[in-house]
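With this note's numbering applied, the sequence shown covers 181 to 462.
A virtual CB, placed ideally from N, CA and C, is assigned to each residue, including glycine.
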Amino acid sequence: MRDAPELLSSHRCFGGTVGFYRHHSETCDSPMRFSVFTPPQAAAGPVPVLYFLAGLTCTEENFMVKAGAQRAAARYGLMLVAPDTSPRKTGIPGEDDEWDFGAGAGFYVDATEEPWSLHYRTYSYVVGELPLIVAAHFPADPERTGISGHSMGGHGALVCAFKNPTRYRSVSAFAPIAAPTRSPWGQKAFSRYLGADEKTWKSYDASALVALGTIEPTILIDQGMADPYLEEQLRIDEFEQACAAIGQSLLLRRQEGYDHSYYFIASFIDDHLHHHVEALGR
């Protein structure tokens, strides 16, 4: 069994517990942090689990602190797991110099370019190592797993789902970077993590991956129409068109007046948790 992660803090919440953890990641060869909300129903046995991937500049704390998800998760008996968005303090020069690259901006890819390839392997961490740790040390049912995320994390959630079509029984996203190969954020990150060959970037672009085949669950996406990043960075229309071209089931809700913030996420998080529980069971 893998070593238990170190508990940094624990907080009673809606009859369950929010815990913040740290461990040494073999995948990233560095310390990684994550947070877990364990609902009260877990006292009676394993419960379904939803992984939530946060966006640029965020940590394992943002979703747990700001989204207001625990009340509904406690009602549904749903475990929530939120990893950090990158390794940190790896010693890579310039790691902390830019808000949209390096620390806090792992983009949920496995970097192939040095020096980033030494530690920045957040795709494999999310789909491989972290679920094994959760299954070993928390009362989670690995057969009932969903994934969601926001912005860069929404991109990550969609990519993880399309690259692992049998792993996740439910998928959703808030304002995802839906076509990162055509987004300035994505182009900057991919060129430095993955190299100059743009053909390799498509393996982490949801709008390209959907063409390889549909996934079974209906994808729920909420997009604020007052989001300042909508047109240039998120490119949600391109993802919608790619889904329509092959018949991928997509529920895309355009929310008038909402921006890119956690106020937007908190407004619709209950809908997303219900979406996941309907697919995962209670």
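(message) Do Met212 and Asp264 count as a contact pair if the criterion is CB distance below 7 Å?
(response) The count along the sequence shown starts at 1 and reaches residue 264 at position 84. The count along the sequence shown starts at 1 and reaches residue 212 at position 32. The answer is yes: Cβ separation under 7 Å.
(request) For the beta strand (DSSP E) holding Gln435, just list the boundary residues, first then last. (result) Walking along the sequence shown from the start, residue 435 turns up at place 255. Its beta strand (DSSP E) spans residues Leu430 to Gln435.
(message) Considering Cα atoms alone, identify which of Gln435, Asp183 and Thr197 is closest to Ser189.
(response) Counting from one through the sequence shown, the residue named residue 189 turns up at place 9. Nearest C-alpha to Ser189: Thr197.
(request) Could you spell out the range, first to last residue, of the beta strand (DSSP E) harbouring Ile327? (result) For the purposes of this step, residue 327 is taken as residue 147 along the sequence shown, with counting starting at 1. First-last of the beta strand (DSSP E) with Ile327: Ala320 to Gly329.
(request) Determine the closest residue to Val314 out of Glu420, Phe214, Ser363 and Arg433, with distance taken between C-alpha atoms. (result) Position 134 of the sequence shown, counting from 1, holds the residue named residue 314. Nearest C-alpha to Val314: Phe214.
(request) Report yes or no: do the stretch 244 to 259 and the stretch 226 to 236 share at least 3 C-beta pairs separated by less than 8 Å? (result) yes
(request) Determine which residues share a DSSP beta bridge with Met212 and list them. (result) One-based indexing of the sequence shown puts residue 212 at position 32. DSSP output for Met212 lists His203 as bridge partner(s).
(request) Using alpha carbons as the reference points, say which of Leu389, Ile416, Gly271 and Ile401 lies closest to Phe444. (result) Taking the first residue of the sequence shown as 1, we reach residue 444 at position 264. Looking at the Cα atoms, Ile401 is the closest of the given residues.
(message) For Cys193, report the span of its beta strand (DSSP E) as first-last.
(response) Position 13 of the sequence shown, counted from the first residue, corresponds to residue 193. Here the beta strand (DSSP E) through Cys193 covers Glu186 to Cys193.
(request) Could you check what DSSP says for Ser350 in three-state terms: helix, strand or coil? (result) Against the sequence shown, residue 350 aligns to sequence position 170. Strand at Ser350.
(message) Given a cut-off of 7 Å on the beta-carbon distance, is the pair Ala358 and Ile395 in contact?
(response) Within the sequence shown, residue 358 is the residue found at index 178, counting from 1. Within the sequence shown, residue 395 is the residue found at index 215, counting from 1. Cβ atoms of Ala358 and Ile395: not closer than 7 Å.
(request) Determine the extent of the alpha helix (DSSP H) in which Val307 is found, giving its start and end residues. (result) Start at 1 with the first residue of the sequence shown, and residue 307 comes out as number 127. Neither: Val307 is in no alpha helix (DSSP H) and is coded neither H nor E.
(request) Please state if the CB of Phe243 and the CB of Phe232 are separated by a distance shorter than 7 Å. (result) Within the sequence shown, the letter at position 52 stands for residue 232. Within the sequence shown, the letter at position 63 stands for residue 243. In contact: Phe232 and Phe243 (Cβ atoms closer than 7 Å).
(request) Would you identify the three-state DSSP class for Ala262, choosing helix, strand or coil? (result) Along the sequence shown, one-based indexing puts residue 262 at 82. Reduced to three states, the DSSP call for Ala262 is strand.
(message) Strictly by DSSP, which residues pair up with Tyr231?
(response) In the sequence shown, counting from the first residue as 1, residue 231 sits at position 51. Answer by DSSP bridge pairing, in chain order: Val261 and Ile327.
(request) Hey, could you find the ends of the beta strand (DSSP E) Ile399 is sitting in? (result) In the sequence shown, counting from the first residue as 1, residue 399 sits at position 219. Residues Ile399 to Gly404.
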